[in-house]
Every structure is written in structure tokens, then in C-alpha cells.
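The structure under discussion appears below in the form of C-alpha cells.
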Amino acid sequence: MAFYIGLDGGGTKTKCVIVDNQMNVLSELVGGPSNFLVFGVDEVTESLFNLITDSIKQAGINTSEIDSVLLGTAGAGRREDAERLEKSFIQKVTEVNLPIKKFVVESDARIALEGAFSGKSGSILIAGTGSIMFGKD
7 MAFYIGLDGG
17 GTKTKCVIVD
27 NQMNVLSELV
37 GGPSNFLVFG
47 VDEVTESLFN
57 LITDSIKQAG
67 INTSEIDSVL
77 LGTAGAGRRE
87 DAERLEKSFI
97 QKVTEVNLPI
107 KKFVVESDAR
117 IALEGAFSGK
127 SGSILIAGTG
137 SIMFGKD
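Residues in the sequence shown are numbered from 7 upward in steps of one, following this note's numbering.
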């Protein structure tokens with residue numbers, strides 16, 4: 007069976023959820039902030055690593071069964087910035103021999119938009135630690 011990890015992060019906290027193919031929630035934990043433009047790539051990489059490994063332990067699954075990990079976080083609006091965090095995290099899991107097949111970083115606005123409208127047209131306004139309006143037609 008394949009499992010998926012979704013992380014919703016920002017300037018104050020990051021929520022991590024593990025689900026199976028039927029979207030059954032196996033683990034749900036909250037960790038520190040994941041805005042790497044504010045807190046730095048190294049600090050956020052370490053925080054995400056700890057949150058993900060704690061979540062995997064809580065779910066009682068094997069890391070090799072994780073099909074993909076998606077982080078939607080503040081600060082990831084530019085692809086080149088998101089890639090810096092992706093590379094740092096992939097390097098970390100490679101160093102400790104943790105088999106994560108796919109790790110992708112997206113803007114928190116993008117995941118909020120897709121979640122709110124199930125991939126259809128719409129717009130969202132985020133007014134939290136930071137603010138943004140985002141939409142698609």
C-alpha cells in the first residue's frame with residue numbers, strides 16, 4: 007500500500023498529515039514554522055525532517071511505503087526558492103539513508119487554492135502571519 011504526506015506550513019507552524027490510498031488519516035502532528043525565507047533553509051529542513059519522521063513513527067508505517075511528500079508553505083511562491091528547500095531536504099534524507107521517493111515544495115497559496123476549489127477556477131485570500139490573494143481561471 008502507498009502512503010502520502012501532506013504538510014501545510016507557514017510562519018508560525020507546520021501541520022503534517024499522513025494518509026493512505028483511500029484518504030484515511032493515519033497520523034496528524036504539528037511542528038514549528040516552515041517559512042524558509044524567514045527561518046533559513048537549514049533550520050526548516052531539520053524541523054521538517056523531525057516532523058515527518060515523528061509522523062511516520064506515529065502512523066506505524068515503513069518509510070519506503072511513502073509514495074510522495076508535498077509541502078505547501080509560505081515563502082515558496084518562486085520556483086527557484088522552492089527548489090532550494092527541496093534540494094536541502096533531499097540531501098538531508100539521502101545523508102541519513104531515509105528512502106523518500108518524492109518531495110515537492112509549493113506555495114501555501116497554491117495548495118489552499120487547489121484544496122478550496124478541487125482544481126477548478128476560483129480565488130482565495132490568505133490573511134495570517136502573511137497575506138496573499140491567489141486565483142486561477
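Glycine included, C-beta positions come from ideal geometry on N, C-alpha and C.
- [ ] To the nearest angstrom, report how far apart Ile-132 and Arg-84 are at their CA atoms.
- [x] 17 Å
TODO: Have a look at the DSSP bridge pairing and note the partners of Met-139.
DONE: Leu-131
Open item on the list: My assumption, with CB atoms under 8 Å, is that Ser-33 sits in contact with Leu-77. Please give the rounded CB distance.
Closed with: Not a contact, Cβ separation roughly 15 Å.
Open item on the list: Using only CA atoms, which one of Leu-104, Gly-17, Ala-115, Ile-67 lies nearest to Glu-49?
Closed with: Comparing Cα-Cα distances from Glu-49 to each of Leu-104, Gly-17, Ala-115, Ile-67, the minimum goes to Gly-17.
- [ ] Please list the segments of the alpha helix (DSSP H) lying wholly inside the segment 66 to 125, counting only runs of 4 or more residues, in order along the chain.
- [x] 85 to 101, 114 to 123
Open item on the list: I'd like the span of the beta strand (DSSP E) that includes Ser-40, first residue to last.
Closed with: It is not in any beta strand (DSSP E) - Ser-40 carries neither H nor E in the DSSP assignment.
Open item on the list: Closest to Phe-9 by C-alpha separation, out of Asp-73, Val-102, Gly-81, would be which residue?
Closed with: Between Phe-9 and the set Asp-73, Val-102, Gly-81, the nearest pair of CA atoms involves Asp-73.
- [ ] Return helix, strand or coil for Lys-63, following the three-state DSSP convention.
- [x] helix
Open item on the list: Quick check on the burial criterion: 16 or more other C-beta atoms within 10 angstroms. Buried or exposed for Thr-100?
Closed with: exposed
- [ ] With a threshold of 16 other CB atoms inside 10 Å of the CB of Ser-94, please say whether the residue is buried or exposed.
- [x] buried
TODO: Identify whether Thr-51 lies in helix, strand or coil by the three-state DSSP scheme.
DONE: helix
Open item on the list: When you compare the CB positions of Thr-20 and Val-44, do they come within less than 8 Å of one another, or not?
Closed with: It is not a contact, given that the beta carbons lie outside the stated cut-off.
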